[in-house]
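Asker: If you want our numbering, it's the position in the sequence shown, counting the first as 1, plus 7. Ideal Cβ positions, reconstructed from N, Cα and C, are used throughout, including at glycine. Structure provided below as structure tokens; questions to follow.
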Amino acid sequence: MKNVLISGNSICKKLAFGALLLQSAWVCAQTDEQLAKQLANPVAALISVPVQYNYDSNIGPDDKGTRTTINIQPVAPFELNEDWNIISRTILPLVNQKDIYPGAGSQTGLGDVVQSVFFSPKAATASGWIWGAGPVAYIPTATDDLLGAKKWGGGGTAVALKQSGSWTYGALTNHIESFAGDDDRADISATFIQPFLNYTNSKGVSYVLQTESTYDWKGKEWTVPVQAGVSKVFNFGGQAVSLGAFGRYWATTTDSGPEGMSLRLVASFVFPKKS
8 MKNVLISGNS
18 ICKKLAFGAL
28 LLQSAWVCAQ
38 TDEQLAKQLA
48 NPVAALISVP
58 VQYNYDSNIG
68 PDDKGTRTTI
78 NIQPVAPFEL
88 NEDWNIISRT
98 ILPLVNQKDI
108 YPGAGSQTGL
118 GDVVQSVFFS
128 PKAATASGWI
138 WGAGPVAYIP
148 TATDDLLGAK
158 KWGGGGTAVA
168 LKQSGSWTYG
178 ALTNHIESFA
188 GDDDRADISA
198 TFIQPFLNYT
208 NSKGVSYVLQ
218 TESTYDWKGK
228 EWTVPVQAGV
238 SKVFNFGGQA
248 VSLGAFGRYW
258 ATTTDSGPEG
268 MSLRLVASFV
278 FPKKS
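This is how it looks when you write it as structure tokens:
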């Protein structure tokens, strides 16, 4: 299936203004370095709302297509009991694409949503590893037939990472199989693998190297974008925000997938969860 790029991420928790004021005081009590390290951990007890801008080009059978995607990726942790947290991660894509499908012109609207839920122990393992696992759902919310797969899907997701000094390293993965939807559309059978390496300094600046690889089991094809960039935590009137810029090179792609270099810009709004 072309362009079923699935990544693991989160759900937005609405906060009232009074609660937001209390959260702001807690933000100020944490250093930029601490917040940056928490953002590097996909299962941290941290409410965040990343807004991610992606620009890809050279898409389609004639390599003339372009796509702009704004992913709204809210993350919300919930306490299950004294030992476990539940972390909800959502990817809600807003897409504008042009000249990807010959003769179809441009399409703008909502794409398909990916919803992940991780069950994660509060304490790391004896060797310092942090992990989480749970279900993932693929929801056909696209507002245009050419922006989505028109399939319902489900599967499992997992993440494991270790934070040692300034370094964070690990991997996030999921696998999704379609089980219902439009019979005229291709089935989904896709594995997503995201190894990541992150170095954070005392000023809250993070240097990131990662891939976001997807293997399409139906088409027997890989897409492997390699991404590197930098982000920094800022504080605007008590609101912590991480701003980042990343370059991405499509090392391996499908015949109709993006090619060459791409751009990603990220603004992550942070609301630390007071323990």
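In this structure, does DSSP put D39 in helix, strand or coil?
Answerer: Three-state result, D39: helix.
Asker: I need the straight-line Cα distance from G177 to G155, nearest angstrom please.
Answerer: If I take the Cα positions, the gap works out to 30 Å.
Asker: Anyone know if the C-beta pair for Y60 and T76 falls short of 9 Å?
Answerer: Result yes, Cβ atoms of Y60 and T76 sit closer than 9 Å.
Asker: Taking the beta strand (DSSP E) that Q170 falls in, what are its first and last residues?
Answerer: Its beta strand (DSSP E) spans residues K158 to S171.
Asker: Where does F278 land, buried or exposed, given buried means 16+ other C-beta within 10 angstroms?
Answerer: F278 is buried by the Cβ-count criterion.
Asker: For the putative contact between W224 and S185, defined by C-beta atoms under 8 Å, what is the C-beta separation to the nearest angstrom?
Answerer: With 8 Å as the limit, W224 and S185 do not qualify as a contact, their Cβ atoms being about 11 Å apart.
Asker: Beta carbon of P202, beta carbon of T218: below 9 Å?
Answerer: In contact: P202 and T218 (Cβ atoms closer than 9 Å).
Asker: What separation, rounded to the nearest whole angstrom, lies between the Cα atoms of H182 and L204?
Answerer: The straight-line gap from Cα to Cα measures roughly 22 Å.
Asker: Which residue comes first and which comes last in the beta strand (DSSP E) that contains S196?
Answerer: It spans S196 to T207 - the beta strand (DSSP E) in which S196 sits, taken as one unbroken run.
Asker: Would you call V237 buried or exposed, if buried means 16 or more other Cβ atoms sit within 10 Å of its Cβ?
Answerer: With fewer than 16 Cβ atoms within 10 Å of its Cβ, V237 is classed as exposed.
Asker: Under the three-state reduction of DSSP, which class applies to K71: helix, strand or coil?
Answerer: Of the three classes helix, strand and coil, the one that applies to K71 here is coil, per DSSP.
Asker: Are three or more beta carbon pairs between the stretch 140-152 and the stretch 160-175 nearer than 8 Å?
Answerer: Output reads yes: the stretch 160-175 touches the stretch 140-152.
Asker: What residues in its chain sit with their C-beta under 6 Å from that of Q234, if we drop five residues either side in the sequence?
Answerer: If we look at Q234 and ignore the five residues flanking it on each side, its Cβ neighbours are Q217, F253 and R255.
Asker: Give a yes or no on whether the C-beta atoms belonging to S5 and T164 are separated by under 9 Å.
Answerer: Outside the modelled stretch of the chain, which goes from 8 to 282, sits residue 5, for which no answer is possible.
Asker: Would you list the one or two residues that DSSP bridges to A149?
Answerer: DSSP, once it has assigned bridges, lists no residue as partnering A149.
Asker: G118: which of D106, V102, A133 and D262 sits nearest, CA to CA?
Answerer: G118 has its Cα closest to that of V102, out of D106, V102, A133 and D262.
Asker: What does a CB cutoff of less than 8 Å around V58 pick up in its chain, not counting 5 residues either side in sequence?
Answerer: Contacts found: I77, N78, I79, Q80, V273, A274, S275 and F276.
Asker: Report the option in A131, D90 and V120 whose CA atom is closest to the CA atom of T150.
Answerer: Per the Cα distances, V120.
Asker: So, under 8 Å CB-CB, D63 and S269 are touching, yes? Tell me the CB distance rounded to an integer number of Å.
Answerer: Confirmed, about 5 Å.
Asker: According to DSSP, is P265 part of a helix, a strand, or is it coil?
Answerer: Correct three-state label for P265: coil.
Asker: State the Cα-Cα distance for the pair A43 and S171, rounded to the nearest angstrom.
Answerer: Distance between the alpha carbons of A43 and S171 is about 14 Å.
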